[in-house]
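Residues in the sequence shown are numbered from 1304 upward in steps of one, following the working numbering. C-beta atoms are modelled at their ideal positions from N, C-alpha and C, and glycine is treated no differently. For reference, the structure discussed in these notes is given below.
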Amino acid sequence: MRRAGAALALLALLSGGADAATIKLNQLGFAPAAAKLAVVPAAAATSFEVVRADGGATVLSGALGAPLRWQPSAETVRLADFSSLSTPGSYRLKVAGAPLSDAFSIGPQAYRVLNAAALRAYYLARAGSAIPASLGGPYARALGHPDDHVLVHASAASPGRPEGSVIASAKGWYDAGDYNKYVVNSGISTYTLLAAYEHFPAYFAAQKVGLPESGNGLPDILNEALWNLDWMLSMQDPADGGVYHKLTNKRFDAFVMPDRPTSGPRYVVQKSTAAALDFSAVMATAARVLAPFEHQLAGEHAGLPARMLAASEAAWKWAEAHPAVVFKNPPDISTGEYGDADLADEREWAAAELYISTGKDSYYAAMHAERTPNSVPSWGQVQGLAWISLAQHMAQLGPAADRKLIASRIDSLAATLAGQWSGSAYKVSLRQSDFIWGSNAVALNQAMMLLQAYRLDARRAYLDAAQSDLDYVLGRNAVGYAFVTGFGTRSPMHPHHRPSAADGVAAPVPGWLVGGAQAGQQDKAECKAAYPSSLPALSYLDDQCSYSTNEVAINWNAPLVYVTAALDVLTGPAK
Ligand code: G3I
Ligand code: 9MR
């Protein structure tokens, strides 16, 4: 794919990003019953109209909100609230002094197509699988990284598997723009897909993605999750239950297609406590989610739920015996680290999932629920996933579990997020400090937490705040991008994603959420193009060089899958 090339911020604006005078809104659209907001530059006017996209007839007019300052972009903006418009159709927002907005639509199941594409992105990221033209269209490709001949790195050596031993560790998803596979990041990603299914089974039973396994009796989302679960299982050392932290080459592959790797052999690297606990949590979750499909699981998958639960408990035991093995890259390895010195939240998460799946009170006790806080999930902070699962299973939990505590942990975090949302000029729950590497996924994980509280007590503000966070990544943001490849009027064309760069197709692989704006600019030295701004919400570059704002990743797409499904279901006519 062509590089953006333009060194000037002005050119960057012309070729992609919206400027400050532009109306910012969700470029896809809304369900009829959803809250509908747009951000309008404060200088423009005091009123707005919604007009039909074809012909321009006015269907609604209203007053803009008071001008408010948004610190992350140093802008003063007003809000247009057109929530009362619920008639399906295609529209634009019109404000005197500003260009007509992008078109958006109103209609049921507003995110079905986006949800399927976000899920399909995982299929297109499968390691050890060719993508045939019948399923991949222009993104068909040869099989890459079979991982049937993986070396045990010195850091991972054990009596049964000395340095240089060969193991098979096939399948799994490529983590991101790179071709490596990391257990920690696989943990939250796979869990979030499993949770999406567990919470909204009917939606996903009907969600057809077009996989080689489609039609085998399992919903496609579970077929896709299984591809990565199979790989994760192979990352456990059967001799002791420990789990290797990652499967990687020593250095990142170049920007080549997956079947043309450039960086030598691949290794399993050091067992870590974080990997064991994340593995344990995901396997416990998968065991219960897959249990109803016992009869469809044939061949290599026969009896899988029971094996997953056993694998989960073995990893838990290893972690109890090795509670503080923090991962650091060995000196000869420079790929992604996913290092995390605080392992309490991983332990809390694994304990909660094991409690739910086995019913053993000892696991609930091990979680220490009364001193476990709630937090917005991220790859390194996973206790929120424990609370999400406990809330989902509240009705079936035994007497050991404190239901009031579970509900209050979810609700108090949601209340905080809703407070941030209602006080923000852009009406999003992201604060200035949330603009970190992967900020778009921070927004969606905040939405996911808000949706848990809404599912518990149906407070409208929680649903509306979650909608706003999805609106943020689909265009109601300071740079005016719909941050998902292939969707919206202005979306990333040059993600830091090796297949998109090397496949010879102009359009990037569709359905990927990019990391998003943040001020770190960790790749500045490697970027020929200049960032348009150093302000957190404006520091985004649609250029292949920008791995700190324009990479894609499995843990960022997963909450996109979750939130789009949840909003389709919860904002739809039949709750
Ligand atoms: O959490 C702190 C926050 O408290 C602090 O205020 C902020 C200030 O910069 O930093 C935050 O930490 C950042 C952390 O991401 C947040 O998750 C670090 O600075 C930042 O360096 C770190 O970036 C990680 C990045 O790898 C570099 O290690 C990303 O989370 C992580 O998603 C990313 O993952 C990479 C893999 O290593 C390799 N594969 C691609 C993948 C996606 O880019
Ligand atoms: O491609 C790599 C990406 O997946 C990582 O997120 C990022 C940070 O670890 O690193 C990228 O690789 C770059 C490396 O760190 C520095 N040299 C250039 C590499 C990409 O072109």
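query: Distance cut-off 7 Å: Tyr1477 Cβ against heavy atoms of the ligand 9MR; result: no
query: heavy atom of the ligand 9MR below 7 Å from His1797 C-beta; result: no
query: Three-state class that DSSP yields for Arg1306 in the structure shown; result: Note that Arg1306 scores 37 on pLDDT, short of 50, meaning its location in the model is unreliable and no value can be drawn from it.
query: Gly1545 Cβ short of 7 Å to the ligand 9MR heavy atom set; result: no
query: Sub-8 Å separation of Asn1748 and Leu1816 beta-carbons; result: no
query: Under 8 Å between C-beta atoms of Ala1820 and Pro1839; result: yes
query: Start-to-end residues for the alpha helix (DSSP H) that takes in Gly1410; result: Element bounds for Gly1410: n/a, residue is neither H nor E.
query: Assumed close pair Ser1615, Ser1583 - CB separation to whole angstroms, cut-off 8 Å; result: 5 Å
query: Option in Ser1660, Thr1361, Lys1484, Asp1774 with minimal Cα separation from Met1697; result: Ser1660
query: Best match in Glu1466, Leu1496, Asn1526 for proximity to Leu1688 [C-alpha to C-alpha]; result: Leu1496
query: Nearest-angstrom Cα separation, counted from Gly1783 out to Thr1852; result: 14 Å
query: First through last residue of the alpha helix (DSSP H) which encompasses Val1808; result: That residue, Val1808, is in no alpha helix (DSSP H); it is neither H nor E in DSSP.
query: Continuous alpha helix (DSSP H) assignments of at least 4 residues falling wholly in the stretch 1636-1686; result: 1647-1661, 1664-1670
query: Close Cβ partners of Pro1876 (< 6 Å) along its chain, the five nearest in sequence each way excluded; result: none
query: Proximity to Val1512 [Cα-Cα], best of Gly1392, Trp1373, Gly1814; result: Gly1814
query: Beta-ladder partner(s) of Leu1396, from DSSP; result: Val1353
query: Contact check, Gly1818 vs Gly1741, beta carbons under 8 Å; result: yes
query: For Leu1593 and Leu1657, the rounded distance between their alpha carbons; result: 15 Å
query: The stretch 1529-1549 touching the stretch 1560-1569, judged by at least three CB pairs closer than 8 Å; result: no
query: Contained beta strand (DSSP E) runs [length at least 3] in the stretch 1533-1572, N- to C-terminal order; result: 1547-1552
query: Contact test: Phe1630 Cβ vs the ligand 9MR heavy atom, cutoff 7 Å; result: no
query: Exposure label - Arg1763; buried when at least 16 CB within 10 Å; result: exposed
query: First through last residue of the alpha helix (DSSP H) which encompasses Trp1373; result: Trp1373 -> not in any alpha helix (DSSP H); beta strand (DSSP E) instead, spanning 1371-1373.
query: DSSP state of Lys1474 mapped onto helix, strand, coil; result: coil
query: Min CB distance Leu1838 to chain C below 8 Å; result: Of the chains in the structure shown, none is chain C; there is only one protein chain.
query: Residues that DSSP places opposite Thr1719 in a beta bridge; result: Answer is none; Thr1719 lacks a bridge partner.
query: CA-to-CA distance, Leu1521 to Gln1824, given in whole angstroms; result: 42 Å
query: Length of the line joining the Cα atoms of Pro1402 and Ala1323; result: 11 Å
query: Meets three-Cβ-pair contact criterion under 8 Å: the stretch 1330-1338 and the stretch 1392-1411; result: yes
query: Nonlocal neighbours in the same chain, by C-beta distance under 7 Å from Gln1735, ignoring five residues either side; result: Gln1374, Pro1375, Pro1839
query: Stretch pair the stretch 1432-1439 + the stretch 1353-1363: three plus CB contacts closer than 8 Å; result: no
query: Alpha-carbon spacing of Met1670 relative to Pro1680, whole angstroms; result: 17 Å
query: In chain order, each alpha helix (DSSP H) run of at least 4 residues that lies wholly inside the stretch 1771-1854; result: 1801-1805
query: Residues whose Cβ lies closer than 5 Å to any heavy atom of the ligand 9MR, in chain order; result: Gly1480, Asp1481, Phe1555, Tyr1850
query: Residues that Arg1464 bridges to, as DSSP identifies them; result: Ser1461
query: Same chain only: Cβ atoms within 7 Å of Ala1627, ignoring 5 sequence neighbours per side; result: Thr1576, Leu1646
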